[in-house]
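Enquirer:
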């Protein structure tokens, strides 16, 4: 098994973690932010080139207004606090999704964090999927394709050039915490031959050992990409 180039994580279980402790959902999301930081440190240690964290989905906009407000506030605080550390560690921040739906304050912080982490050769490309959905990504790519006067025949290769992830390789491994065994509208196009690993651990309880188990499982698999090699 080749080394892992792109790891993607669906960070699920924050609200359930908080509920099980009679805490508000914001407390669970705060713990989730800490584990997002752990994921970055782990990727750096393992020399993984790309890490995608599914931070906020298009469906998250449908949650209660107070929880959405808390999520956006935590997102802003995390970017403001952690961007200097990411710069020290030479982590490049990338954002995918319909960022325009966020408030002006958060959009400004996203743009600033992205610009500040573009000044060096990165040790890790960190991709934050925010206000992102796989269906939205595909529809948006088709719209961009048809709006481009220089477009040619619509096929898999040409459409990929308009996806949010056009500059990144497809994920080799997708980890989902929280016990659910589905993609939930995440990387629908990009995951066509990704290996999937599902953990019963709620995201705030995730630790280094859980990442190690997932990577060990990944390395035990034989990737065929639809071609039987015997």
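Numbering (our numbering), first residue to last: 546 to 775.
Glycine included, each C-beta is placed from N, C-alpha and C at the ideal position.
Just to confirm the assignment: which complete alpha helix (DSSP H) runs, minimum length 4, are found wholly within the segment 669-716?
Expert: If we require 4 residues or more, the alpha helix (DSSP H) runs fully inside the segment 669-716 come out as 679-692, 701-705.
Enquirer: With H, G and I counted as helix, E and B as strand and the rest as coil, what does DSSP make of residue 546?
Expert: Residue 546 sits at position 1 when you count from the first residue of the chain shown. Residue placement at residue 546 cannot be trusted, given a pLDDT of 45 that sits under 50; the coordinates are not used to answer.
Enquirer: State buried or exposed for residue 684, treating a residue as buried only when at least 16 other CB atoms are found within 10 Å of its CB.
Expert: Against the chain shown, residue 684 aligns to sequence position 139. Per the 10 Å Cβ criterion, exposed.
Enquirer: Cβ of residue 578 within 8 Å of Cβ of residue 623?
Expert: Within the chain shown, residue 578 is the residue found at index 33, counting from 1. Within the chain shown, residue 623 is the residue found at index 78, counting from 1. With respect to the 8 Å criterion, residue 578 and residue 623 are classified as neighbours on the basis of their beta carbons.
Enquirer: Could you name the residues of the same chain whose beta carbon sits closer than 7 Å to that of residue 608, not counting the 5 residues immediately before and after it, in chain order?
Expert: Indexing the chain shown from 1 puts residue 608 at position 63. Counting only Cβ-Cβ distances below 7 Å, and skipping sequence neighbours, we find nothing.
Enquirer: Should the segment 658-666 be regarded as contacting the segment 677-694, the criterion being three or more beta carbon pairs within less than 8 Å?
Expert: Contact fails between the segment 658-666 and the segment 677-694, because fewer than three Cβ pairs, one in each stretch, are under 8 Å apart.
Enquirer: According to DSSP, is residue 587 part of a helix, a strand, or is it coil?
Expert: If you number the chain shown from 1, residue 587 lands on position 42. DSSP places residue 587 in helix when its eight states are reduced to three.
Enquirer: Rounded to the nearest angstrom, what separates residue 753 and residue 723 at their Cα positions?
Expert: Indexing the chain shown from 1 puts residue 753 at position 208. Indexing the chain shown from 1 puts residue 723 at position 178. Our two residues, residue 753 and residue 723, have alpha carbons roughly 16 Å apart in a direct line.
Enquirer: Could you tell me if residue 764 is buried or exposed, where buried requires 16 or more neighbouring beta carbons within 10 angstroms of its beta carbon?
Expert: For this step, residue 764 is matched to residue 219 along the chain shown. Exposure of residue 764 is indicated by the presence of fewer than 16 other C-beta atoms within 10 angstroms of its C-beta.
Enquirer: Just to confirm before moving on: does the CB-CB distance between residue 551 and residue 700 stay below 8 Å?
Expert: Taking the chain shown and counting its residues from 1, one reaches residue 551 at position 6. Taking the chain shown and counting its residues from 1, one reaches residue 700 at position 155. No, Cβ-Cβ distance for residue 551 and residue 700 is not below 8 Å.
Enquirer: For residue 640 versus residue 617, is the C-beta spacing smaller than 8 Å?
Expert: Here residue 640 corresponds to residue number 95 of the chain shown, with the count starting at 1. Here residue 617 corresponds to residue number 72 of the chain shown, with the count starting at 1. Not closer than 8 Å, so no.
Enquirer: Between 580, 644, 574, which lies nearest to residue 611 when the distance is taken from Cα to Cα?
Expert: In the chain shown, residue 611 corresponds to position 66, counting from 1. Cα-wise, what sits closest to residue 611 is 574.
Enquirer: Mind the definition here: the segment 722-738 touches the segment 555-570 only if three or more C-beta pairs lie below 8 Å; say whether that holds.
Expert: Note that the segment 722-738 touches the segment 555-570; at least 3 beta-carbon pairs, one per stretch, sit closer than 8 Å.
Enquirer: Counting C-beta neighbours from all protein chains within 10 Å, is the total for residue 756 16 or more, i.e. buried, or is it exposed?
Expert: By 1-based counting over the chain shown, the position of residue 756 is 211. Buried: at least 16 other Cβ atoms inside 10 Å.
Enquirer: Please specify which runs of the alpha helix (DSSP H), each continuous and at least 4 residues long, are wholly inside the segment 578-656, giving them in chain order.
Expert: 610-633
Enquirer: How far does the beta strand (DSSP E) with residue 740 in it reach, from first residue to last?
Expert: Indexing the chain shown from 1 puts residue 740 at position 195. That run of the beta strand (DSSP E) goes 740-743.
Enquirer: If you count every other CB in all the chains shown that lies within 10 Å of the CB of residue 604, and 16 or more means buried, which is it?
Expert: Position 59 of the chain shown, counted from the start, is the residue given in the question as residue 604. Flag for residue 604 reads exposed.
Enquirer: Going by the DSSP bridge assignment, what does residue 721 pair with across the sheet?
Expert: Start at 1 with the first residue of the chain shown, and residue 721 comes out as number 176. Bridge partners of residue 721: 555, 743.
Enquirer: Does DSSP put residue 562 in a helix, a strand or coil?
Expert: As a first step, residue 562 is located in the chain shown; it is residue number 17 there, counting from the start. Three-state result, residue 562: helix.
Enquirer: Rounded C-beta distance between residue 713 and residue 595? I'm assuming under 8 Å.
Expert: Translated into the one-based positions of the chain shown, residue 713 becomes position 168. Translated into the one-based positions of the chain shown, residue 595 becomes position 50. Going by Cβ atoms, the distance from residue 713 to residue 595 rounds to 6 Å, so yes, they are a contact pair.
Enquirer: Apply the 10 Å Cβ neighbour rule to residue 642 and answer buried if 16 or more other Cβ atoms are within range, or exposed otherwise.
Expert: As a working note, residue 642 is residue 97 in the chain shown. Residue 642 comes out buried.
Enquirer: In whole angstroms, give me the CA-to-CA distance for residue 629 and residue 638.
Expert: Position 84 of the chain shown holds residue 629. Position 93 of the chain shown holds residue 638. In a straight line, the C-alpha of residue 629 is about 11 Å away from that of residue 638.
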